[in-house]
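What follows is a single structure, written as structure tokens, with notes after it.
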Amino acid sequence: MAEFLSLHDAVARFVENGATVAMEGFTHLIPFAAGHEIIRQQKRELTLIRMTPDLIYDQMIGMGCVKRLIFSWGGNPGVGSLHRLRDAVEHHHPVPLDIREHSHAAMACAYEAGAAGLPLAVLRGYVGSDLPKVNDQIKSITCPFTGEELAAIPSIRPDVAVIHAQKADRHGNVLIEGIIGVQKEAVLAATHSIVTVEEIVESLDTHPNACIIPGWAISAVVVAERGASPSYAHGYYPRDNGFYKTWDAIARNRESFAAWMNDHVMNARPEESTR
Amino acid sequence: MAEFLSLHDAVARFVENGATVAMEGFTHLIPFAAGHEIIRQQKRELTLIRMTPDLIYDQMIGMGCVKRLIFSWGGNPGVGSLHRLRDAVEHHHPVPLDIREHSHAAMACAYEAGAAGLPLAVLRGYVGSDLPKVNDQIKSITCPFTGEELAAIPSIRPDVAVIHAQKADRHGNVLIEGIIGVQKEAVLAATHSIVTVEEIVESLDTHPNACIIPGWAISAVVVAERGASPSYAHGYYPRDNGFYKTWDAIARNRESFAAWMNDHVMNARPEESTR
Amino acid sequence: MSQPLADITPSEMMTVTAARALGNGTTCFVGIGLPSEAANLARLTHAPEAVLIYESGTLQTRPDVLPLSIGDGELCETALTTVSVPEMFRYWLQGGHVDVGFLGTAQIDRYANLNTTLVGDYREPKVRLPGGGGAPEIATNSKEVFVMVKQSRRTFVKDVDFITTVGFGRDGTARDNMHPETARHMGRGPTRVITDLCVMRPDPVDHELVVTALHPGVTRDQVIDATGWDIRFADTLETTAIPTAEEIEVLRSLKVRTERHHAGDTV
Amino acid sequence: MSQPLADITPSEMMTVTAARALGNGTTCFVGIGLPSEAANLARLTHAPEAVLIYESGTLQTRPDVLPLSIGDGELCETALTTVSVPEMFRYWLQGGHVDVGFLGTAQIDRYANLNTTLVGDYREPKVRLPGGGGAPEIATNSKEVFVMVKQSRRTFVKDVDFITTVGFGRDGTARDNMHPETARHMGRGPTRVITDLCVMRPDPVDHELVVTALHPGVTRDQVIDATGWDIRFADTLETTAIPTAEEIEVLRSLKVRTERHHAGDTV
Chain A
19 MAEFLSLHDA
29 VARFVENGAT
39 VAMEGFTHLI
49 PFAAGHEIIR
59 QQKRELTLIR
69 MTPDLIYDQM
79 IGMGCVKRLI
89 FSWGGNPGVG
99 SLHRLRDAVE
109 HHHPVPLDIR
119 EHSHAAMACA
129 YEAGAAGLPL
139 AVLRGYVGSD
149 LPKVNDQIKS
159 ITCPFTGEEL
169 AAIPSIRPDV
179 AVIHAQKADR
189 HGNVLIEGII
199 GVQKEAVLAA
209 THSIVTVEEI
219 VESLDTHPNA
229 CIIPGWAISA
239 VVVAERGASP
249 SYAHGYYPRD
259 NGFYKTWDAI
269 ARNRESFAAW
279 MNDHVMNARP
289 EESTR
Chain B
19 MAEFLSLHDA
29 VARFVENGAT
39 VAMEGFTHLI
49 PFAAGHEIIR
59 QQKRELTLIR
69 MTPDLIYDQM
79 IGMGCVKRLI
89 FSWGGNPGVG
99 SLHRLRDAVE
109 HHHPVPLDIR
119 EHSHAAMACA
129 YEAGAAGLPL
139 AVLRGYVGSD
149 LPKVNDQIKS
159 ITCPFTGEEL
169 AAIPSIRPDV
179 AVIHAQKADR
189 HGNVLIEGII
199 GVQKEAVLAA
209 THSIVTVEEI
219 VESLDTHPNA
229 CIIPGWAISA
239 VVVAERGASP
249 SYAHGYYPRD
259 NGFYKTWDAI
269 ARNRESFAAW
279 MNDHVMNARP
289 EESTR
Chain C
21 MSQPLADITP
31 SEMMTVTAAR
41 ALGNGTTCFV
51 GIGLPSEAAN
61 LARLTHAPEA
71 VLIYESGTLQ
81 TRPDVLPLSI
91 GDGELCETAL
101 TTVSVPEMFR
111 YWLQGGHVDV
121 GFLGTAQIDR
131 YANLNTTLVG
141 DYREPKVRLP
151 GGGGAPEIAT
161 NSKEVFVMVK
171 QSRRTFVKDV
181 DFITTVGFGR
191 DGTARDNMHP
201 ETARHMGRGP
211 TRVITDLCVM
221 RPDPVDHELV
231 VTALHPGVTR
241 DQVIDATGWD
251 IRFADTLETT
261 AIPTAEEIEV
271 LRSLKVRTER
281 HHAGDTV
Chain D
21 MSQPLADITP
31 SEMMTVTAAR
41 ALGNGTTCFV
51 GIGLPSEAAN
61 LARLTHAPEA
71 VLIYESGTLQ
81 TRPDVLPLSI
91 GDGELCETAL
101 TTVSVPEMFR
111 YWLQGGHVDV
121 GFLGTAQIDR
131 YANLNTTLVG
141 DYREPKVRLP
151 GGGGAPEIAT
161 NSKEVFVMVK
171 QSRRTFVKDV
181 DFITTVGFGR
191 DGTARDNMHP
201 ETARHMGRGP
211 TRVITDLCVM
221 RPDPVDHELV
231 VTALHPGVTR
241 DQVIDATGWD
251 IRFADTLETT
261 AIPTAEEIEV
271 LRSLKVRTER
281 HHAGDTV
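Protein chains in written order, with our numbering: chain A, 19 to 293; chain B, 19 to 293; chain C, 21 to 287; chain D, 21 to 287.
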């Protein structure tokens, strides 16, 4: 049953040094507030999983929280590179970063398989690609009915999943609406889960097939207003595309990055850190 | 792109003798009107797939349309046996019926895999059950990461899927709401699909993550008012539980069954046949 | 306050005993029929926070009347949300979110294996039953399983004709020595069998069913006569607690509401 | 009416040519950036019934401005419906519902293999690029693939450093002799590469890219200079049709709307 916790307490309780953490949200509903709190608590040696690392992982990598990254597309969407990610891969700064790289289709299937309690995901994937040559986690199985060889990758089963959603009711049942990504899968695949929400409401008041994660499938629910900014929350606030563009210059250089993080994250209280 | 057809024309065009047909709807939205039209058109040698055969397949089996049944639970829900199904299995009447029997979990995964374009479904299933001894379509694969042996069954990829839904818009986009079962999977897994609907509306006017099957993924859309009765359509009419109970007596005996089918299906026009 | 014993039917005794087995807050995957009756009675009495899941995709449902089918409209209308059937079996059941799988059966044997497939030979059955439905994986993927069934020699057989749904296998060892990954996801199997006469539990070592409690007024001989094998009794045999007046009252009014509701239209 | 040629930029020429390749009613899985621009231009001109799908789960979307990211709110708000990302890749892409996969790239080679992973060696890269994203399976599960990319020697290389996304493989035979079940689900691969200079298509036999059309005013030498291998030209080399005034007008106003929209707040 979900506990209602502060952001500080939820991160302190569930995100341990060395943990495998999946913070999801496909462009939409990216849990920035929680990412900033993990940075503030100076968690180390994390294995981070995310289809699209985005600015949130650029920040966590640049601040030295991360030992390994499992991902499928590591850019600033529509803008260019993630400079902190590149610096870590190309120059091992601030710490060496081990990467395990997949395709979106494979990652999506691996979350699905994790949610389904399976050890592997099966897909018609990676045909002709060099990715299996550099990622030993991409193997294959043979279909016993057709003889077809299909790609197999390990399912994603993180220690902790962290997502942001629009709202929760007083029982901790969470509604996600709009671009729902792989958030439900991430939560169901994980041992523990933290869901930050814009608000707590009396009733979710929605339609019969809404994407709702029941409170009994969540570890902690945390109120974090504007907790996805500069990403967005459908029905609450739009994506701050301007900031995504501005980030390119901030992150390009180690000093400007450090200064920005210092001002906007390290010295901010949880409720101030997101923008 | 979906064509708008009459029930007669849709069945005549897409359901051939000998075809593999999946008519889905998990208790809710069972496509009775379409089933009756298949009976009226005296289709033969069909392989029918359905998790819960229900009255609709009892009727089709009793009327001699069916050569093989792939299913996972063949009863009259909450009432008892499907007597026509039993007569076919126990006494080969009116024609011998070959059965391939699964569990719900396996059938659900096989529809999912069919929709996903895969040849097989993988699940942690059938552990300790005798079903694999009597169904040679239940095999296994070994996970290349953990060494675990998992059940594998062929995905479901029917020639035709037939479902009933609440409504379509003028482009043939279809909304399904409430207990959505495996209907979307059945349509996406099939080569052709017929969707009967309660009504055509100007706009589906619904929420961002509604269960909508786009018109371009459907072969034919057919208006069939009360087309799921005596099953039900959420938002339109309730399940006729009384009829489900009455069916037990009608179907128990070959003569009363034949008389009922004659009166209510064979000599009815499409628009009269459902009740 | 207990209900006067003479006023309680064996069926009611069974349902109330089964309902009491379900803890508050438990997530329960509910089979149709007797389990549905017991699970909803639990929810309407001591376990208001019990989470009921039906295989039709309805999560956390609170029906006011008992559904006739596993997919009645009532289940969806009172659910927290309704998911697709593949999602139900993959994410919620196989994903490990079910505490108790609550099943009925047509036959059960001494190792709590269930048969809902057929009597006789598979290719030439004497009686063809509906089949497995959700049960085979409910029994392996739930953390534990309760079975609820009226007791008779026809139902309680030494060896089931067909193992539709495994309890502990033909020799009681089906859940032993599994691959670690399978073991991690497999539940403990049947932990209680609740009948109209008694409660049985598997022996912790050999997994054979043992009577651990008799319902009030039921004798050992009655149980022996209604069991198709040489049934064992626990050394300290308990007597099931008598239902309270409230439990009986809630159960009866639930059944009256249900009957009225399902009378519906007839032909 | 054609737009005066002098008034059209090479980029616009590329976008309009790519847009024209997309037939009305086509289901198109759209990559972000150039493909998104071309696909939406098609939808706003000759192909109003083109079905645009983005990997964020938005099915049949009709954005009024071009999304900056693959998951902008605009995409969801104008979509027929939005599904989960696993459903998008499993049911809609791998399930075989995509006619055209529309991709950009950082590097492309003579067999239309795409590299968006890195320049240099994998473990010690000179330049680390974003990676594959949806492209590896878009390229194999769509019925055909269009590639759209500005042409230069840095981009058009004889052999890509890394095959992120297969065209026809290192020797042009990657799509031959597949298992029949795989072959049944694999698309034809890249059928057009549209650049700011020309259009290339794979040779029907050896699958090497061949220039089949030059944009108006572009010379063979310009193409040769911008290609990192000994590029072949078709025997009958066509000249791309000049954009109409309407196409240019619609494209420019789309870009103006987009720019205004994305200016948004800044720090």
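Ideal Cβ placement from N, Cα and C applies to all residues, glycine included.
Taking the Cα positions, ALA265 of chain C is about 16 Å away from VAL276 of chain C. A distance below 6 Å between beta-carbons, with the five flanking residues on each side excluded, links HIS281 of chain C to the following residues of its chain, in chain order: VAL85. GLU55 of chain A carries a helical assignment under DSSP once its states are collapsed to helix, strand and coil. Taking a C-beta distance under 7 Å as the contact criterion, ALA39 of chain D and ALA62 of chain D qualify as a contact pair. For ILE88 of chain B, there are no C-beta contacts with chain C under 9 Å, since the nearest C-beta of that chain is about 11 Å from it. By the neighbour-count criterion, in which 16 or more other beta carbons inside 10 Å mark a residue as buried, ARG272 of chain C falls on the exposed side. By the neighbour-count definition (other C-beta atoms within 10 Å, threshold 16), ILE48 of chain B is a buried residue. Following the DSSP letters along the chain, one finds GLU216 of chain A inside the beta strand (DSSP E) bounded by residues 210-219.
Interface with chain A (7 Å Cβ-Cβ cutoff): ALA203 of chain D is excluded. Contact annotation for ALA228 of chain A against chain C: THR101 [CB-CB distance below 7 Å, chain order]. Counting C-beta pairs closer than 8 Å gives three or more between the region 50-62 of chain C and the region 119-131 of chain C, which meets the contact rule. From the beta-carbon of THR164 of chain A, the residues of chain B found nearer than 9 Å are PRO137, LEU138, PRO172.
One thing to note: THR65 of chain C has its Cβ within 7 Å of the Cβ of GLU267 of chain C. Excluding residues up to 5 positions away in sequence, nothing lies with its Cβ nearer than 8 Å to the Cβ of GLU108 of chain B in the same chain. For TYR250 of chain A, the beta-bridge partners assigned by DSSP are A:HIS46. Counting the other Cβ atoms within 10 Å of the Cβ of ALA277 of chain A gives fewer than 16, which makes it exposed. When C-alpha distances from ALA194 of chain C are compared across C:ASN44, C:GLN127, C:GLY209, the shortest belongs to C:GLY209. Around the CB of VAL147 of chain C, fewer than 16 other CB atoms lie within 10 Å, so the residue is classed as exposed. Excluding residues up to 5 positions away in sequence, GLU203, LEU206, ALA207 lie with their Cβ nearer than 6 Å to the Cβ of ALA133 of chain A in the same chain.
Proximity of VAL50 of chain D to chain B, defined by a Cβ-Cβ separation below 7 Å, is not satisfied. The continuous alpha helix (DSSP H) containing ALA39 of chain C extends over residues 30-40. GLY121 of chain C: not part of any alpha helix (DSSP H); member of the beta strand (DSSP E) spanning 120-123, first to last residue.
Looking at the DSSP output, CYS229 of chain A bridges to A:ILE194. Counting only Cβ-Cβ distances below 7 Å, TYR144 of chain A has contacts in chain D at PRO156, in chain order.
Secondary structure at ARG190 of chain C: coil, using DSSP grouped into helix, strand and coil. Listed in chain order, the positions of the region 207-237 of chain A with a beta carbon within less than 9 Å of a beta carbon of chain B are THR224, HIS225, PRO226, ASN227, ALA228, CYS229.
For a cut-off of 8 Å, the C-beta gap from GLY190 of chain B to VAL239 of chain B is around 5 Å, short enough to register as a contact.
Taking all protein chains shown into account, SER211 of chain A has 16 or more neighbouring C-beta atoms within 10 Å of its C-beta and is therefore buried. In the three-state scheme derived from DSSP, where H, G and I count as helix and E and B as strand, CYS83 of chain B is classed as coil. Annotation note: the region 91-161 of chain C contains the following uninterrupted alpha helix (DSSP H) runs of length 4 or greater, listed N- to C-terminal: 93-97, 155-161. The region 24-33 of chain B and the region 223-230 of chain B do not touch, with fewer than three beta-carbon pairs separated by less than 8 Å. If only uninterrupted alpha helix (DSSP H) runs of at least 4 residues are considered, those enclosed by the region 85-152 of chain A are 101-109, 122-133, 149-152. The beta carbon of GLU195 of chain B sits closer than 7 Å to some beta carbon of chain A. Look at ILE74 of chain B: its C-beta is not under 7 Å from any C-beta on chain A.
The alpha-carbon separation between ILE244 of chain C and ASP148 of chain B amounts to approximately 28 Å.
Neighbours of MET206 of chain C across chain B, judged by C-beta separation under 9 Å: ARG142, VAL145.
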